[in-house]
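Number of protein chains: 2
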Amino acid sequence: MRTNHFAMADAGWPGCAKSLKGVILDLCGVLYDSGEGDGVAIPGSIEAVKKLKESDLQLRFCTNETQATREKFVAKLRKLGFDISVSEVFPPAPAAIAVLKERGLRPHLLVHDGLLPEFDSVDKTNPNCVIVGDAAENFSYQNLNEAFRVLIGLEKPVLFSLGQGRYYKEMDGLKLDVGVYMKALEYACDLKAEVVGKPSPTFFQSVLNDMGLKPHEVLMIGDDLLNDVGGAQHCGMKGVQVRTGKYRPIDERHPTVTADGTVDNLAQAVDMILGQRGH
Amino acid sequence: MRTNHFAMADAGWPGCAKSLKGVILDLCGVLYDSGEGDGVAIPGSIEAVKKLKESDLQLRFCTNETQATREKFVAKLRKLGFDISVSEVFPPAPAAIAVLKERGLRPHLLVHDGLLPEFDSVDKTNPNCVIVGDAAENFSYQNLNEAFRVLIGLEKPVLFSLGQGRYYKEMDGLKLDVGVYMKALEYACDLKAEVVGKPSPTFFQSVLNDMGLKPHEVLMIGDDLLNDVGGAQHCGMKGVQVRTGKYRPIDERHPTVTADGTVDNLAQAVDMILGQRGH
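In the order they appear, the protein sequences are chains A and B. For the first sequence, my numbering gives the first residue as 1039, with consecutive numbering after it. For the second sequence, my numbering gives the first residue as 1039, with consecutive numbering after it.
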């Protein structure tokens, strides 16, 4: 009985923290809430990131953020008070650009104005694929029609979606995310999009590769049950959900995805992890 | 051999025309092409409608048009030269209003400005469902967010979609139709919309009821392979596709829906039908 008890404690949350070598954090809804201007840091999260950095755990940030270039985005986070650098942050756009180059594709972009500079060096003439990101206000009827017409005019239409989130939370309420418009274009053109970003296993694996760690050595903390927690678990990582950001109580009764742990916020998660490790 | 040959001719197109008692026509893409202003009649279609009206066949018009009230829409068609009256035209909005009353539902509307007067007498306070129509330019990010927030805030979200078309053709090109935004909201809220309009069997049946005819006595002519032809066939009617409107050559090689006949335009279809009937 005793052995079993210890085995379970070690395998589960927060017992698993003892054997961890790295942590991946989602950004929006975990570190900060977005909204007008730069958003606001979630209480305790600046200190929590600092504690993780001072620990012996490797730390990366994995985000489906596509409203700004990596540089601008990281500058915003630093301004909010977070100790974070560009090389630690993994968003979908650079991953998508790598795929474009690999396959000789020229995109038509339906993305946020803030993301456009990321694609400056990419050939966009005579497009043979469409990339949809979280374009927010750019998701006008006219712009969606334009992307649709490019796709329907291609002999072999290829659609990349930078993430597949349903919605996220800004300070003035829930907002529709890129996945909703991905589904719209999928239906319009009778095709299946290729998702670049969470929960794509290829995307998570690129972060693990950068850390030089195996999935079971890493814990993902996010506010999105399906894309953060479910996606990480699908790759063999542990997944913990925070009750901030887009979290909804109904997540804790989801029929197919169960988080390894659910915590009030990042600060609590980090205290539990470091507590288990004897810090 | 000879018997077989005749039997096949009678069952198929245009042989089936001999036993018909009624014809249902789609409007946009069959009678006229929409676009700026009132659109333009498709050559031969005004005369074709006239010929059908002078025949012994019953005639109804079944449309997923939701950009205007029935009265305004019919007035537009009459101005284009068509002999058509309000009582012959079956669009989704009146059918949806009947459902609302039956189930005590109060809608939040995401529809075209032109359709709003149709809902004048409907209680829209404190909405407990969402109706999405072909809102065209009203499909802004803000408006889609608003409909999403109503749905996600309901304990039992109910979404009605006035049709489920993917796109239609206007004079300046293909335009995204209501089905695309229905799919977007379905994904955002993890629900299934109830479709009012073609290809809903309930909707086709209401037209058959009005004609007092059985499905095998009626032929549907449309430009939309899935919603007109497939929908009608699913109800037991024959379905003929015209090569006007949103028709694309690829429709003739569709994996699951095969039209009973494909004709260049309505004029040709009507001449073939009336020719078989010895007119």
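Using N, Cα and C, we set each Cβ at its ideal position, and we do this for glycine too.
- Closer than 9 Å at the C-beta level to chain A, one finds these residues of the region 1203 to 1215 of chain B: R1204, Y1205, G1211, L1212, K1213, L1214, D1215.
- Pairing B/D1289 with B/T1300, the inter-Cα distance amounts to about 10 Å.
- In the three-state reduction of the DSSP assignment, A/H1254 falls in the helix class.
- Under the DSSP assignment, A/S1083 falls in the alpha helix (DSSP H) whose first and last residues are 1083 to 1092.
- A/P1130 sits away from A/R1144, with the two beta carbons spaced by 8 Å or more.
- When the Cα atoms are used, B/E1109 and B/V1124 turn out to be separated by approximately 6 Å.
- Below 8 Å, enough C-beta pairs join the region 1256 to 1270 of chain A and the region 1056 to 1070 of chain A to call them touching: three or more.
- Cβ contact annotation for A/G1274 (same chain, cutoff 7 Å, sequence separation greater than five): P1253, H1254, in chain order.
- Rounded to whole angstroms, A/M1310 and A/Y1225 show a C-alpha spacing of 44 Å.
- Chain order gives the chain B residues near A/S1178 as E1175, F1177, S1178, Y1179, where near means a beta carbon separation below 9 Å.
- A direct Cα-Cα distance of roughly 47 Å separates B/D1215 from A/A1086.
- Neighbours of A/V1295 across chain B, judged by C-beta separation under 8 Å, do not exist; the nearest C-beta is about 12 Å away.
- Residue contact with chain B for A/R1187: present (Cβ-Cβ distance below 8 Å to some residue of chain B).
- Unbroken beta strand (DSSP E) runs of no fewer than 3 residues, entirely contained in the region 1201 to 1229 of chain A, are found at 1205 to 1208, 1211 to 1214, following chain order.
- Contact of B/I1169 with chain A by beta-carbon distance below 8 Å is absent, the smallest such distance being about 18 Å.
- Against chain B, a Cβ distance below 7 Å from A/G1217 picks out Y1225.
- Per DSSP, reduced to three states, the secondary structure at A/A1231 is coil, with no helix or strand assignment.
- Within the model, the alpha-carbon separation for B/G1250 versus B/G1235 is close to 19 Å.
- Between A/F1177 and A/A1231 a beta carbon distance of about 15 Å is seen, past the 8 Å cut, so the two are scored as non-contacting.
- Under DSSP, B/T1300 shares a beta bridge with B/Q1279.
- In the structure shown, the three-state DSSP call for B/P1132 is helix.
- Close partners of B/N1183 in chain A (Cβ separation under 7 Å): K1213, L1214.
- Across the set B/S1244, B/V1280, B/A1174, B/L1118, the C-alpha of B/V1280 shows the shortest separation from the C-alpha of B/G1067.
- One thing to note: A/L1069 has its Cβ no nearer than 8 Å to the Cβ of A/T1107.
- Contact with chain A is found for B/K1221, since one of that chain's Cβ atoms lies less than 8 Å from the residue's Cβ.
- Between the C-alpha atoms of A/Y1179 and A/K1114 there is a straight-line separation of about 30 Å.
- Neighbours of B/I1135 across chain A, judged by C-beta separation under 7 Å, do not exist; the nearest C-beta is about 25 Å away.
- Closest option to B/T1296, judged by alpha-carbon separation, among B/N1303, B/G1283, B/L1264, B/Q1306: B/L1264.
- The C-beta of B/I1259 comes no closer than 8 Å to any C-beta of chain A.
- For A/S1083, the closest of A/C1054, A/A1173, A/D1121, A/E1193 by C-alpha to C-alpha distance is A/D1121.
- Under the 8 Å criterion on CB atoms, B/I1288 is classed as non-interfacial with respect to chain A.
- For the options A/L1147, A/G1203, A/L1095, A/R1098, the alpha carbon positioned closest to that of A/S1238 is the one of A/G1203.
- Leaving aside the five residues that flank B/D1210 on each side, the residues in its chain whose CB is nearer than 8 Å to its CB run, in chain order, G1073, E1074.
- As the crow flies, the alpha-carbon of B/D1266 is around 15 Å from that of B/V1127.
- In this structure, the straight-line span from the alpha carbon of B/T1240 to that of A/E1184 is close to 34 Å.
- For B/I1190, the residues of chain A that pass the 7 Å Cβ criterion are L1212, in the order they occur in the chain.
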